[in-house]
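*Asks:*
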Amino acid sequence: MSEVAIIGGGVIGCAVAWELARRGARPVVIDRLGDVGHGSTSASCGIVRRFYSTPTMTAMAEEGARIWADWGNHLGLGGPGKEPMLARFERPGMLFIPPAVDERIEGIVEHMRAIGVRVELLGADEIAARFPFLDTSSHWPIRQPDDEDFFEETERRICGAVFEPDAGYVVSPMLATQNLREVGERDGVRFLLGHAVEEVRRHEKGRRFELVFSDGSRRSFDVLLNASGPHSSVFNRKVGCELPIETRALRREVCAVETPTGSDGRPLGVPVVGDLDSGIYLRPEGGGRDLVVGSLDPECDTMEWIDDPDDWQMGVSEKIFERQILRLMKRMPTVEKGRLRGIAGLYDVTPLDWNPVLDRTQVPGYYVAIGTSGSSFKTAPVVGALVAQLIEACEGGRNHDADPVRATLPRTNFEVDLSFFSRLRGAHTSSGTVLG
Ligand SMILES: Cc1cc2nc3c(=O)[nH]c(=O)nc-3n(C[C@H](O)[C@H](O)[C@H](O)COP(=O)(O)OP(=O)(O)OC[C@H]3O[C@@H](n4cnc5c(N)ncnc54)[C@H](O)[C@@H]3O)c2cc1C
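Heads up: the sequence shown at position 430 corresponds to 433 in the working numbering, and the numbers run straight through without jumps.
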């Protein structure tokens with residue numbers, strides 16, 4: 004295969020590049036920033052869980068989890084006498100609290116078990132016994148803090164939770180991406196960093212794409228992959244390729260608070276929590292000293308869609324910080340608010356169903372790995388392998404729209420039909436949130 008230009012040195016672009024190089028292609032990762040992993044990947048919470056609405060995403064998440072658990076071997080880094088700085092997969096477990104433990108939830112749990120995920124269904128009493136610092140009251144429906152019923156006392160309890168003992172988070176997503184750069188360089192990927200693509204010219208004859216950079220320099224390629232994260236729709240416009248499926252940038256804030264201490268004076272052993280009953284998710288940070296808290300976008304909150312991913316408020320706000328911490332305090336009453344801390348970042352969302360778009364396009368030689376919808380860090384190594392196979396097959400003449408590429412995930416033995424990620428698809432079953 005000829006040279007492939009990958010626009011975006013985030014975790015997705017770097018994962019695809021390495022997999023392409025392993026297949027003998029000559030990828031060039033292009034990023035306008037000075038190093039890889041400095042875009043939206045740098046804001047990622049890196050949570051790795053398998054609980055998703057569809058068997059395909061659950062299987063990809065499990066495949067990803069097995070890779071993160073074996074990261075050094077997967078990359079072929081390390082070995083006797085070598086101690087590379089590697090991203091770590093911390094596994095305190097994850098508790099997922101749905102509004103109801105119904106047939107749909109039980110179906111997902113059954114599928115998780117079928118592909119080998121350790122998972123338990125816990126009742127409210129079991130949750131209280133295992134995690135005594137969590138209040139098991141139900142706060143549904145979720146409200147804004149200025150709603151007069153926000154602090155209403157309730158006798159109702161959550162109906163239970165799904166617990167994944169092997170779930171956790173990777174520290175840090177940026178380091179994981181830099182690990183991918185290291186093995187990419189080792190195996191033939193080239194990196195053109197500090198290069199912003201301003202314009203893309205398409206040619207009928209000769210090489211198909213000419214990239215014009217902000218310093219006026221130019222490079223031509225036959226194959227182009229859009230892995231530009233929250234800039235995905237901006238870049239599609241540069242190529243003159245409107246997709247039938249929309250991707251949009253969504254602003255997020257993730258706050259930080261100190262983890263409350265137990266009777267021994269040490270920070271409590273808090274698992275990752277995805278709490279649809281309170282509208283928040285959280286995970287430990289800094290060795291457990293802090294908790295980071297994000298939003299699960301309850302209906303009462305306003306979504307901050309961003310039209311221009313180069314023009315948005317990068318600082319965190321007192322208003323969102325307070326809302327998130329107050330919601331957390333209902334679930335974990337010993338938390339104290341503390342000072343304003345956190346980061347803001349952008350998701351690249353597919354509003355249709357919050358699943359990625361990994362596909363060819365109607366422009367020959369132009370591919371997309373976009374719409375990662377706030378939850379594709381965990382699956383990035385798997386996405387890398389699938390997109391590399393897709394590009395290889397299509398450049399080899401396969402009509403993926405009519406005859407979709409299929410690939411068996413080596414660790415879970417699950418066959419992924421890549422039409423699942425097609426730009427031409429109808430909406431998949433989804434929570435319509437970052438949970439997928
Ligand atoms: C706050 C937050 C929390 C998250 N938490 C989780 C989580 O817990 N678990 C999980 O699995 N996922 C999570 N995610 C999602 C996950 O991090 C993303 O899906 C993933 O990092 C996206 O990677 P990417 O490579 O597509 O994008 P990016 O990392 O944004 O990379 C795209 C790159 O493209 C470059 N670029 C754009 N335009 C151009 C151009 N014209 N020329 C050159 N370069 C260009 C940018 O500089 C950028 O570096 C979270 C995301 C955010 C924002």
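Quick reminder that beta carbons are idealized off the backbone N, C-alpha and C, glycines included. Everything numeric in this text was worked out from a predicted model, so none of it was measured.
1) Going along the chain, which unbroken runs of the beta strand (DSSP E) with 3 or more residues stay wholly within the segment 244 to 279?
2) Beta carbon of A24: closer than 7 angstroms to some heavy atom of ligand 1?
3) With distances taken Cα to Cα, identify the nearest neighbour of F404 among F417, S425 and V419.
4) Taking its Cβ as the centre, do 16 or more other Cβ atoms sit within 10 Å of C48, making it buried, or is it exposed?
5) Quick check: does the Cβ of D169 come within less than 7 angstroms of any heavy atom belonging to ligand 1?
6) Whole angstroms is fine: what's the gap from P301's alpha carbon to Q147's?
7) Give the straight-line distance between the Cα atoms of L195 and E188, rounded to the nearest whole angstrom.
8) Quick check on H97: does DSSP put it in helix, strand or coil?
9) Which one or two residues does DSSP pair with T411 in a beta bridge?
10) Assign H206 to one of two classes, buried (16 or more other C-beta atoms within 10 Å of its C-beta) or exposed (fewer than that).
11) L389 and P407: beta carbons closer than 8 angstroms?
12) Quick check: what's the CA-CA separation for P274 versus E202?
13) By DSSP, does E307 sit in helix, in strand, or in coil?
14) Any heavy atom of ligand 1 closer than 7 angstroms to the Cβ of L183?
15) If you run the structure through DSSP and keep just helix, strand and coil, what is D38?
16) Among the candidates G268, T61 and D149, whose CA atom is the shortest distance from the CA of T415?
17) Report the partner residues of A372 according to the DSSP bridge assignment.
18) By DSSP, does A405 sit in helix, in strand, or in coil?
19) Alpha carbon to alpha carbon, how far is V14 from E156?
20) Under 7 angstroms: does the beta carbon of R35 sit that close to some heavy atom of ligand 1?
21) Rounding to the nearest angstrom, what Cα-Cα distance links A259 and G345 in this structure?
22) Would R212 pass as a contact of A199 if the rule is Cβ separation under 8 angstroms?
23) Alpha carbon to alpha carbon, what distance is there between S140 and E158?
24) Select from G290, L279 and T382 the residue whose C-alpha is nearest the C-alpha of G272.
25) With respect to the alpha helix (DSSP H) encompassing E155, which residues constitute its N-terminal and C-terminal limits?
26) Suppose the cutoff is 7 angstroms on Cβ atoms and the five residues either side in sequence are ignored; what does the same chain contact list for R334 look like?
27) Where do the N-terminal and C-terminal ends of the alpha helix (DSSP H) with L389 fall, by residue?
28) Can you check whether the CB of I118 is closer than 8 angstroms to the CB of F380?
29) Helix, strand or coil for L80 per DSSP?
30) To the nearest angstrom, how far is it from the Cα of W74 to the Cα of V360?
31) Can you give the beta carbon distance from T450 to I248, rounded, assuming they're within the 8 angstroms contact cut?
32) On the three-state DSSP scale, how would you describe S433?
33) Given that a residue counts as buried once 16 or more other Cβ atoms are within 10 Å of its Cβ, and exposed if not, what is W308?
34) I'd like the ranges of any beta strand (DSSP E) spanning at least 3 consecutive residues and lying wholly in the segment 103 to 150.
*Replies:* The structure says:
1) Runs found: 251 to 261 and 275 to 278.
2) Position 21 of the sequence shown, counted from the first residue, corresponds to residue 24. Relative to ligand 1, A24 has its C-beta separated by 7 angstroms or more from all heavy atoms.
3) Counting from one through the sequence shown, the residue named residue 404 turns up at place 401. Checking the sequence shown, residue 404 turns out to be Asp, not Phe. Nearest C-alpha to D404 among F417, S425 and V419: S425.
4) As a position in the sequence shown, residue 48 is number 45, starting the count at 1. Flag for C48 reads buried.
5) As a working note, residue 169 is residue 166 in the sequence shown. The answer is no for D169.
6) Working through the sequence shown from its first residue, we reach residue 301 at position 298. Working through the sequence shown from its first residue, we reach residue 147 at position 144. Near 10 angstroms, if we compare the C-alpha coordinates of Q147 and P301.
7) Numbered from 1 along the sequence shown, position 192 holds the residue referred to as residue 195. Numbered from 1 along the sequence shown, position 185 holds the residue referred to as residue 188. One C-alpha to the other measures close to 12 angstroms.
8) Here residue 97 refers to the residue found at position 94 when the sequence shown is read from its first residue. Residue identity check: residue 97 is Met in the sequence provided, not His. In this structure, M97 counts as strand in the three-state DSSP scheme.
9) The sequence position of residue 411 within the sequence shown is 408, counting from 1. Paired residues: E418.
10) Here residue 206 is taken as the residue at index 203 of the sequence shown, counted from 1. Burial call: exposed.
11) Walking along the sequence shown from the start, residue 389 turns up at place 386. Walking along the sequence shown from the start, residue 407 turns up at place 404. P407 is positioned such that its CB atom lies no closer than 8 angstroms to that of L389.
12) As a first step, residue 274 must be located in the sequence shown, where it is residue number 271. As a first step, residue 202 must be located in the sequence shown, where it is residue number 199. Pairing P274 with E202, the inter-Cα distance amounts to about 46 angstroms.
13) In the sequence shown, the residue the question calls residue 307 occupies position 304. DSSP places E307 in coil when its eight states are reduced to three.
14) In the sequence shown, counting from the first residue as 1, residue 183 sits at position 180. No, Cβ of L183 sits at least 7 angstroms from all heavy atoms of ligand 1.
15) In the sequence shown, residue 38 corresponds to position 35, counting from 1. DSSP, read as helix, strand or coil, puts D38 in coil.
16) For the purposes of this step, residue 415 is taken as the residue at position 412 of the sequence shown. By alpha-carbon distance to T415, the top candidate from G268, T61 and D149 is T61.
17) For the purposes of this step, residue 372 is taken as the residue at position 369 of the sequence shown. For A372, which the question treats as bridged, DSSP gives the partners L361.
18) In the sequence shown, the residue the question calls residue 405 occupies position 402. Three-state DSSP puts A405 in coil, outside helix and strand.
19) As a working note, residue 14 is residue 11 in the sequence shown. As a working note, residue 156 is residue 153 in the sequence shown. So the alpha carbons of these two residues sit roughly 44 angstroms apart.
20) Taking the first residue of the sequence shown as 1, we reach residue 35 at position 32. In this structure, R35 has its CB closer than 7 angstroms to one or more heavy atoms of ligand 1.
21) Position 256 of the sequence shown, counted from the start, is the residue given in the question as residue 259. Position 342 of the sequence shown, counted from the start, is the residue given in the question as residue 345. Those two C-alpha atoms are separated by around 5 angstroms.
22) In the sequence shown, the residue the question calls residue 212 occupies position 209. In the sequence shown, the residue the question calls residue 199 occupies position 196. For clarity, residue 212 is Phe in the given sequence; the question names Arg instead. Their beta carbons are not under 8 angstroms apart, which means F212 does not touch A199 by this criterion.
23) By 1-based counting over the sequence shown, the position of residue 158 is 155. By 1-based counting over the sequence shown, the position of residue 140 is 137. Rounded to whole angstroms, E158 to S140 spans 7 angstroms at the Cα level.
24) The residue labelled residue 272 in the question sits at position 269 within the sequence shown. Closest option to G272, Cα to Cα, is G290.
25) Residue numbering aside, residue 155 sits at position 152 when the sequence shown is read from its first letter. E155 -> no alpha helix (DSSP H), and no H or E assigned at all.
26) Indexing the sequence shown from 1 puts residue 334 at position 331. A distance below 7 angstroms between beta-carbons, with the five flanking residues on each side excluded, links R334 to the following residues of its chain, in chain order: L137, D138, D278 and S281.
27) Sequence index remark: in the sequence shown, residue 389 carries index 386 (1-based). Start and end: A383 to E398.
28) Within the sequence shown, numbered from 1, the residue matching residue 380 stands at position 377. Within the sequence shown, numbered from 1, the residue matching residue 118 stands at position 115. Not closer than 8 angstroms, so no.
29) The count along the sequence shown starts at 1 and reaches residue 80 at position 77. Three-state DSSP puts L80 in coil, outside helix and strand.
30) What you label residue 74 is simply residue 71 of the sequence shown in a count that begins at 1. What you label residue 360 is simply residue 357 of the sequence shown in a count that begins at 1. Each residue's Cα considered, the two are about 25 angstroms apart.
31) Only positions 4 to 439 of the chain appear in this structure, which leaves residue 450 out of reach.
32) The count along the sequence shown starts at 1 and reaches residue 433 at position 430. Three-state DSSP puts S433 in coil, outside helix and strand.
33) Here residue 308 refers to the residue found at position 305 when the sequence shown is read from its first residue. Under a 10 Å Cβ-count criterion, W308 is classified as exposed, with fewer than 16 other Cβ atoms of the shown protein chains found around its own Cβ.
34) The segment 103 to 150 contains these whole beta strand (DSSP E) runs: 123 to 125.
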